[in-house]
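Chemist:
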Amino acid sequence: MSKIWQKRKILAVILVIIILGFIGFSIINKNKASTPIYTTAIAEKGTLVVSLSASGSVSSNNSRTVTTTASGVVKKVYVKEGQKVNTGTPLLQIDLDLNGLQKYQSAYANYQSAKNSLKTAQDKFYSLESDLVSAKNVYVNQWSMQSPDDPTYIQKHNAYLTAQAAYDNLEKTIKQSTTFLESSRLSYQAAGPIVYAPITGTIGSISLTPGMILNPTSDSANSSNSENKIAIVKTGATPSITVSLTEIDVPKVKVGNQVTITVDALPDKTFTGKVIAIDTTGTVSSGVVNYPVTIQLDSAVDGLLPNMSVTANILTYFKDSVVMVPNAAVQSATDGTTSVRILKNKQIETVTVETGINNDTQTEIVTGIAAGDEVVTAVSTAAGKTTTNSTQSIFGGMGGGTRFVGR
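Here the sequence shown is numbered in this note's numbering, starting from 366 and rising by one per residue.
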């Protein structure tokens, strides 16, 4: 009988131990689950940079494509790859075929016609100028003070206005004739047997040799403008790009702002430049206003071609020797005060701070904390539950490491 009671006592003791152990385990786990986990970052002292991003394309790589509308057989090539040339330097000679000769003669006839038209207008100009001076003198000196109802006054005034109108119209005609003459001259030159360098620079991308046939690609819109590419002439100047800014961003940018540029086609490289022009007129598309900004690169770039897509980060402001923390560490209370929580000796302390400038990731702290302080950016628990702060971050963002703090 005593043995049975002894066994029951042992079982009872074991059961009590198990129950107490379960209760203790539950309490420990509950305390552990509620232990806060702080994500922290160290306040740093350095340069805080504020920039904005914009996309665009290469507007100029400072080279000119040399073309010709002539057709025939290449007779001589006067230049080679990498050779320096001046404006007007002969590049190659072409033996024109029948179509080429016809086009060349037609272009010459148009050029001569434009010269004659301009000369006729200029000759007439001097005559009309004399008529205008005479009519103005008669009207101003003899009739301008007379009654506007006087028939002779009306006649002389109308004569003056007619002479002025004829003079103004002829002036416009001369400007148009001058423009047409230059266009005709260029067309005549482009159709000719000698191809000349259009600008001073260095020859590149020339692949023609004597004996090659030139058959300019036909332009369905205007066959007279069909052309063959001969070479390119590089000026050696640095390229420029154009990006578009919104009406919100354009006031932040100034001529001279430094820029870093990446090119989609050259993914492993970053280039630098500066803003050289801001078009404040802007363009409107689908109700959205964009302002073109021109950026000049600091150096020439091999492989950079017109119309390549680019992304520019424009440095709008920077400040040296500032204490800065991740944006997520900065909290704003309903009463308008701003604070940061710092972790010291496993204890959290909320400190009121004064903030300065900020960018997408960091905020300047003017007063309140020092460089080296460990600031809290987020709080969670061991059970995986993330707790929200009693105040809301005014910027957002994350940063730093994770610290487990026991109670």
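All C-beta atoms in this analysis are idealised placements derived from N, C-alpha and C, irrespective of residue type, glycine included.
With the cut-off set at 7 Å, would you say VAL620 and THR433 are in Cβ contact?
Modeler: Here residue 620 refers to the residue found at position 255 when the sequence shown is read from its first residue. Here residue 433 refers to the residue found at position 68 when the sequence shown is read from its first residue. Against a cut-off of 7 Å, the Cβ pair of THR433 and VAL620 comes out as no contact.
Chemist: Taking contact to mean at least 3 C-beta pairs separated by less than 8 Å, is the stretch 546-564 in contact with the stretch 590-601?
Modeler: Yes: the two stretches touch, three or more of their Cβ pairs being nearer than 8 Å.
Chemist: Are the CB atoms of THR728 and THR720 within a distance shorter than 7 Å?
Modeler: By one-based count along the sequence shown, residue 720 stands at place 355. By one-based count along the sequence shown, residue 728 stands at place 363. Their beta carbons are under 7 Å apart, which means THR720 touches THR728 by this criterion.
Chemist: Please look up how many angstroms separate the CB atoms of GLY569 and GLU494, rounded, as I've assumed it's under 8 Å.
Modeler: The count along the sequence shown starts at 1 and reaches residue 569 at position 204. The count along the sequence shown starts at 1 and reaches residue 494 at position 129. In fact, because the Cβ distance is near 50 Å, the residues do not count as touching under 8 Å.
Chemist: Are the stretch 703-718 and the stretch 732-740 in contact at 8 Å, needing three or more beta carbon pairs?
Modeler: With the cut-off at 8 Å, the stretch 703-718 and the stretch 732-740 touch.
Chemist: Closest by CA to PRO632, which one among MET673, ILE383, ASP644, SER428?
Modeler: Position 267 of the sequence shown holds residue 632. When only C-alpha atoms are compared, the closest one is MET673.
Chemist: So within the stretch 704-733, which uninterrupted beta strand (DSSP E) runs reach at least 3 residues, ignoring any that extend past its ends?
Modeler: Counting whole runs of 3 or more residues, the stretch 704-733 contains the beta strand (DSSP E) stretches 712-717, 719-723, 727-732.
Chemist: In the DSSP output, which residue or residues are listed as bridge partners for THR600?
Modeler: Position 235 of the sequence shown, counted from the start, is the residue given in the question as residue 600. The partner list for THR600 (beta bridge, DSSP) is empty, contrary to what the question assumes.
Chemist: Do THR659 and THR607 count as a contact pair if the criterion is CB distance below 7 Å?
Modeler: Translated into the one-based positions of the sequence shown, residue 607 becomes position 242. Translated into the one-based positions of the sequence shown, residue 659 becomes position 294. Yes.
Chemist: What distance in whole Å lies between the Cβ atoms of VAL431 and LEU670, which are believed to be in contact at a cut-off of 8 Å?
Modeler: By 1-based counting over the sequence shown, the position of residue 670 is 305. By 1-based counting over the sequence shown, the position of residue 431 is 66. Incorrect: roughly 16 Å between the Cβ atoms, too far for contact.
Chemist: Would you decide whether TYR403 is buried or exposed? Buried here means 16 or more other CB atoms lie within 10 Å of its CB.
Modeler: As a first step, residue 403 is located in the sequence shown; it is residue number 38 there, counting from the start. That one is buried.
Chemist: Buried or exposed: which applies to THR699, given that a residue is buried once 16 or more other Cβ atoms fall within 10 Å of its Cβ?
Modeler: In the sequence shown, the residue the question calls residue 699 occupies position 334. Its Cβ having fewer than 16 others within 10 Å, THR699 is exposed.
Chemist: Tell me the DSSP secondary structure of VAL624 in three-state form.
Modeler: Counting from 1 along the sequence shown, the entry for residue 624 is found at position 259. Three-state DSSP puts VAL624 in a strand.
Chemist: Taking the beta carbon of ASN502 as the centre, do at least 16 other beta carbons fall within 10 Å, making it buried, or is it exposed?
Modeler: As a position in the sequence shown, residue 502 is number 137, starting the count at 1. Its Cβ having fewer than 16 others within 10 Å, ASN502 is exposed.
Chemist: Is the Cβ-Cβ distance between ASN427 and ALA602 less than 7 Å?
Modeler: The residue labelled residue 427 in the question sits at position 62 within the sequence shown. The residue labelled residue 602 in the question sits at position 237 within the sequence shown. Their beta carbons are under 7 Å apart, which means ASN427 touches ALA602 by this criterion.
Chemist: Under 8 Å by Cβ, that's how I've got ASN692 and ASN723 pegged, so tell me the actual separation to the nearest angstrom.
Modeler: On the sequence shown, position 327 is the one that residue 692 refers to. On the sequence shown, position 358 is the one that residue 723 refers to. ASN692 to ASN723, Cβ: 6 Å. Contact.
Chemist: Taking the Cβ atom as the reference point for each residue, do LEU417 and ILE679 lie within a distance shorter than 7 Å?
Modeler: Looking up residue 417 in the sequence shown gives position 52. Looking up residue 679 in the sequence shown gives position 314. Closer than 7 Å, so yes.
Chemist: By Cβ distance below 6 Å, which residues in the same chain neighbour VAL731 in space, the five residues on each side in sequence not counted?
Modeler: Reading the sequence shown from its first residue, position 366 is the one you call residue 731. Counting only Cβ-Cβ distances below 6 Å, and skipping sequence neighbours, we find GLU719, GLY721.
Chemist: Would you give the residue range spanned by the beta strand (DSSP E) that PRO401 belongs to?
Modeler: Position 36 of the sequence shown, counting from 1, holds the residue named residue 401. Start and end: 401-407.
Chemist: Got a sec? Which residues, its chain only, sit under 8 Å from ILE734 by beta carbon, not counting five neighbours each side?
Modeler: On the sequence shown, position 369 is the one that residue 734 refers to. Within the same chain, ILE734 has close Cβ partners ALA408, VAL688, VAL690, VAL705, ILE707, VAL716, VAL718, VAL740.
Chemist: Where does GLN696 fall in DSSP's three states?
Modeler: As a working note, residue 696 is residue 331 in the sequence shown. Looking at GLN696 - three-state DSSP - the assignment turns out to be strand.
Chemist: LEU546 lies in the beta strand (DSSP E); which residues open and close that run?
Modeler: Within the sequence shown, residue 546 is the residue found at index 181, counting from 1. That residue, LEU546, is in no beta strand (DSSP E); its alpha helix (DSSP H) goes 516-555.
Chemist: I need the boundaries of the beta strand (DSSP E) containing GLY437, first residue and last residue.
Modeler: Within the sequence shown, residue 437 is the residue found at index 72, counting from 1. Counting along the chain, the beta strand (DSSP E) containing GLY437 begins and ends at 437-442.
Chemist: What number of angstroms, rounded off, separates the C-alpha of THR544 from the C-alpha of THR452?
Modeler: The residue given as residue 544 occupies position 179 in the sequence shown. The residue given as residue 452 occupies position 87 in the sequence shown. Using only the alpha carbons, I get a separation of about 21 Å.
Chemist: Mind checking whether THR681 and LYS639 have CB atoms under 7 Å apart?
Modeler: One-based indexing of the sequence shown puts residue 681 at position 316. One-based indexing of the sequence shown puts residue 639 at position 274. No; because the gap between Cβ atoms is not below 7 Å, this pair is not in contact.
Chemist: Can you find at least 3 beta carbon pairs, one from the stretch 515-526 and one from the stretch 548-558, that sit closer than 8 Å?
Modeler: The stretch 515-526 vs the stretch 548-558: no contact.
Chemist: With H, G and I counted as helix, E and B as strand and the rest as coil, what does DSSP make of ALA665?
Modeler: For this step, residue 665 is matched to residue 300 along the sequence shown. It is coil, neither helix nor strand.
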